[in-house]
Amino acid sequence: QAQVVESGGGLAQPGGSLRLSCVASGIFSGIDTMGWYRQGPGKERELVAAITSGGGTNYADSLKGRFTISRDNAKPAVYLQMNSLKPEDTAVYYCNLRTYGRAEYWGKGTLVTVSS
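Everything in the sequence shown is counted per this note's numbering, starting at 105 for the first residue and increasing by one.
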């Protein structure tokens, strides 16, 4: 049974950092793209960042320079390093995996709250 599990969310102060992790299991097809999406209060879900199996990355324009995505193909896992956090980064962050066979998997999300 496929599982996608996020961790690392929590409370951070403005200007602080958090590192999110997402580990997949039970997915036997090759994983192409791994990414992070977020959904803030009253907002639609949006792409944060994605990374291909070859290491190519794509970021939301507003987040470039503050967030960094990386992956470990052996596990497989994807990480999101978030620096210089702002209150508007408060959201539920979801991990997304897409296989070469076009299957798509979502985690249940991890809550990030940025507040003083």
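Ideal Cβ placement from N, Cα and C applies to all residues, glycine included.
Problem - Gln185, enclosing beta strand (DSSP E) - first and last residue - result: Residue numbering aside, residue 185 sits at position 81 when the sequence shown is read from its first letter. Per DSSP, the continuous beta strand (DSSP E) segment holding Gln185 begins and ends at Ala181 to Met186.
Problem - For Ala195, the residue or residues it bridges with in DSSP - result: By one-based count along the sequence shown, residue 195 stands at place 91. Partner(s): Val216.
Handout entry: Three-state secondary structure assigned by DSSP to Leu201
Key = Looking up residue 201 in the sequence shown gives position 97. When DSSP states are grouped into helix, strand and coil, Leu201 belongs to the strand group.
Practice task
Starting from the Cα of Tyr204, find the closest Cα among Ala153, Thr161 and Ser157 and give me that residue.
Solution key: Numbered from its first residue, the sequence shown carries residue 204 at position 100. Relative to the Cα of Tyr204, the nearest Cα in the group Ala153, Thr161 and Ser157 belongs to Ser157.
Problem - Environment of Asn187 [buried if 16+ CB atoms lie within 10 Å] - result: Taking the sequence shown and counting its residues from 1, the one referred to as residue 187 is at position 83. Burial call: exposed.
Handout entry: Span of the beta strand (DSSP E), counted from its first residue to its last, around Ile135
Key = Start at 1 with the first residue of the sequence shown, and residue 135 comes out as number 31. Note, Ile135: beta strand (DSSP E), Ile135 to Gln143.
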